[in-house]
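For reference, the structure is listed below as structure tokens.
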Amino acid sequence: MAITQAMTTSFKAEILLGAHDFRATSGDTFKISLYTSSASLDANTTAYTSSNEVSGTNYTAGGNTLTNLGVVTSNNSASTGTGFTDFSDSTWANSTITARGALIYNNTPSANSNANTSLTNAAVCVLDFGSDKTSTDGNFTIIFPTASNTAAIIRIA
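Each residue of the sequence shown is one higher than the one before, counting from 34 in my numbering.
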């Protein structure tokens with residue numbers, strides 16, 4: 034079993050079908066769940082799963098709801114530009130957790146009828162922490178990168 038960092042393949046197709054709304058207000062609800070080193074998550078992950086999800090003090094199955102910072106575009110030069118979105122950092126306060134990775138997923142895909150598909154808790158991307166990360170009666174925090182065209186967690190260039 035392994036966790037491999039990737040934007041999921043299903044998410045790439047669903048973006049083209051209009052199934053995800055990243056607006057900061059009135060957009061979809063995105064969540065982040067944490068996983069043990071026994072989890073098997075990669076580009077082929079299509080939806081949230083509770084299999085090998087962490088458990089511990091102050092962690093609820095399904096993870097935390099993320100605060101979306103909205104969609105931004107940036108022109109890098111006359112011929113290229115980048116669209117990106119990011120989230121505020123997410124914390125499980127006073128928790129006792131050991132996690133190897135995470136899954137960002139869309140808890141409320143907005144365009145199921147437009148996408149002509151039924152989506153439930155659609156996977157967006159898998160995060161690999163590189164090793165187990167632990168909190169013991171403290172904060173377990175996911176620190177997202179800077180919301181910029183070169184660093185945001187989700188970028189399309």
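Even for Gly, the Cβ is constructed at its ideal location relative to N, Cα and C.
All values reported here derive from a predicted model rather than from experimental measurement.
When the Cα atoms are used, what is the spatial distance from residue i to residue j?
i: Thr113; j: Arg188; result: 13 Å
i: Thr118; j: Ser107; result: 11 Å
i: Lys64; j: Ser123; result: 10 Å
i: Ala94; j: Asn182; result: 32 Å
i: Thr141; j: Asp170; result: 31 Å
i: Val159; j: Ala135; result: 6 Å
i: Gly116; j: Ser83; result: 31 Å
i: Val87; j: Ala72; result: 9 Å
i: Gly60; j: Asp54; result: 5 Å
i: Ala76; j: Ala39; result: 5 Å
i: Phe173; j: Glu47; result: 30 Å
i: His168; j: Ser66; result: Reading the sequence as shown, one finds Ser at residue 168 and not His. Cα-Cα distance, rounded: 15 Å.
Tell me whether the beta-carbon of residue i lies closer than 8 Å to the beta-carbon of residue j.
i: Ala132; j: Phe177; result: no
i: Ala156; j: Thr79; result: yes
i: Tyr138; j: Tyr92; result: no
i: Ala58; j: Thr98; result: The question names Ala, but residue 58 is Thr in the sequence shown. Against a cut-off of 8 Å, the Cβ pair of Thr98 and Thr58 comes out as no contact.
From the options, pick the residue whose C-alpha is nearest to that of residue i; which is it?
i: Leu152; options: Gln38, Ser43, Ala39; result: Ser43
i: Leu74; options: Gly51, Thr115, Ala35, Ala52; result: Ala35
i: Ser143; options: Ala46, Lys45, Gly51; result: Gly51
i: Thr41; options: Ser121, Asn154, Ser88; result: Asn154
i: Gly96; options: Ser121, Tyr68, Lys45; result: Tyr68
Give every residue of the same chain whose Cβ lies closer than 8 Å to the Cβ of residue i, excluding the five residues on either side of it in the sequence, and list them in chain order.
i: Arg56; result: Asn101, Gly103, Val104
i: Thr90; result: Asn127, Ser128, Thr129, Ile130, Asp170
i: Ser164; result: Arg133
i: Lys45; result: none
Counting C-beta neighbours from all protein chains within 10 Å, is the total for residue i 16 or more, i.e. buried, or is it exposed?
i: Leu49; result: exposed
i: Ala185; result: buried
i: Ser121; result: exposed
In chain order, what residues of the same chain have a beta carbon less than 6 Å from the beta carbon of residue i, not counting five sequence neighbours either side?
i: Ala180; result: Leu102, Asp119
Using C-beta distances below 7 Å, list every residue in its chain close to residue i, excluding the 5 sequence neighbours before and after it, in chain order.
i: Leu190; result: Per the sequence shown, the amino acid found at residue 190 is Ala instead of Leu. Counting only Cβ-Cβ distances below 7 Å, and skipping sequence neighbours, we find Thr113, Thr115.
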